[in-house]
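Residue numbers (this note's numbering): 5 to 307. Written below as structure tokens is the structure these notes are about.
Shown next as structure tokens:
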């Protein structure tokens, strides 16, 4: 038990809200993160295709107009894939019992791995229609994806969602609405203003730093300063392997999703033994790591 922990900052999940004719219109940090991530990524992609020297044979794989058209496809891929991924991977029985809940995206429930698959499908269809090399398209998208991850994880923190496991470390944060009984044991219990509360790892910030800031800085540096885009598949492979490793690590600090937590105190979606198991996030990250390694090896061989 610890006597101090970091209080959750007093930040409203809504940037602004107003009512017109009985309807409430609000802009939330989460929505702004999606919008800003897509727009910043689009801006960087436009700059990249306008610099042919970055690409193989000094030829950009796309035009600026094609990048603008691609944005709509990516938005649909993120939203549809992210929602369906959450439904299929994380809480299928609930949505089978109430299928209408699937379209109620405002109630929350988006999965990165599902959104990733949605983007892959959207990009593949766009490449087929526009006759664009898939690996070079993948490199361009992978180069800008960490920007959205960084902003999205920061929005998760602001919304006090996807929080971490209980901790007695001084970096533990007391998220709103979680009392002492939410901890499994004495670990993470903290006394604040004579109340016993539960301190948790700010795992959203861990992910923002690893998956977003660090991975994004590495990929942009390699693409713009080290000529990595001239090797098709290299940036894509680094992104997949880097994200997969980062997510696998953070899962040790992240609170399991409720449906797994209720059936296994450690949140294992796949338990290999009483001591060894994999959370759903780790399970879904393994194929990304393997595919990333394959693309890295292939890119080096073809250099």
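All C-beta atoms, glycine included, are put in the ideal place defined by N, C-alpha and C.
Quiz item: Which residues in the same chain have their Cβ closer than 8 Å to the Cβ of residue 293, if we skip the five residues on either side of it in sequence?
Solution: 244, 245, 248, 249, 252
Quiz item: In terms of residues, what are the limits of the alpha helix (DSSP H) holding residue 23?
Solution: Element bounds for residue 23: not the alpha helix (DSSP H) but the beta strand (DSSP E), 18-24.
Exercise. May I ask you to verify whether the region 226-237 touches the region 150-170, counting CB pairs closer than 8 Å and requiring at least 3?
Key: no
Self-check item: Close-in-space but distant-in-sequence residues of the same chain around residue 20 (CB under 6 Å, 5 per side omitted)
Solution: 31
Quiz item: Just the Cα atoms here: how many angstroms apart are residue 121 and residue 288?
Solution: 11 Å
Practice problem: Decide yes or no for the touch test of the region 162-179 against the region 127-144: beta carbon pairs closer than 8 Å, at least 3 of them. | Solution: no
Quiz item: How about residue 177 and residue 203: do their beta carbons lie closer than 8 Å?
Solution: yes
Exercise. Just mark residue 1 as buried or exposed, buried being the case when its beta carbon has 16 or more other beta carbons within 10 Å.
Key: Here the chain comprises residues numbered 5 to 307, so residue 1 is not present and cannot be evaluated.
Quiz item: If you pair each beta-carbon of the region 42-53 with each one of the region 64-79, do three or more pairs fall below 8 Å?
Solution: yes
Practice problem: Out of 103, 138, 91, state which residue places its alpha-carbon closest to the alpha-carbon of residue 240. | Solution: 138
Self-check item: Opposing strand residues paired with residue 10 [DSSP bridges]
Solution: 177
Quiz item: If you drop the 5 nearest sequence neighbours on each side, which residues of the same chain put their C-beta closer than 7 Å to that of residue 278?
Solution: In this predicted model, residue 278 has a pLDDT of only 45, less than 50, meaning its place in the structure is not dependable; the value taken from the coordinates is given anyway. Taken in chain order, the list of residues that qualify is empty.
Quiz item: Which residues in the same chain have their Cβ closer than 6 Å to the Cβ of residue 85, if we skip the five residues on either side of it in sequence?
Solution: 118, 119, 121, 122
Self-check item: Reduced DSSP category for residue 166 - H, G, I as helix; E, B as strand; rest coil
Solution: coil
Practice problem: Can you check the region 62-120 for any alpha helix (DSSP H) of at least 4 residues that lies completely inside it and give the ranges in chain order? | Solution: 68-93, 96-101
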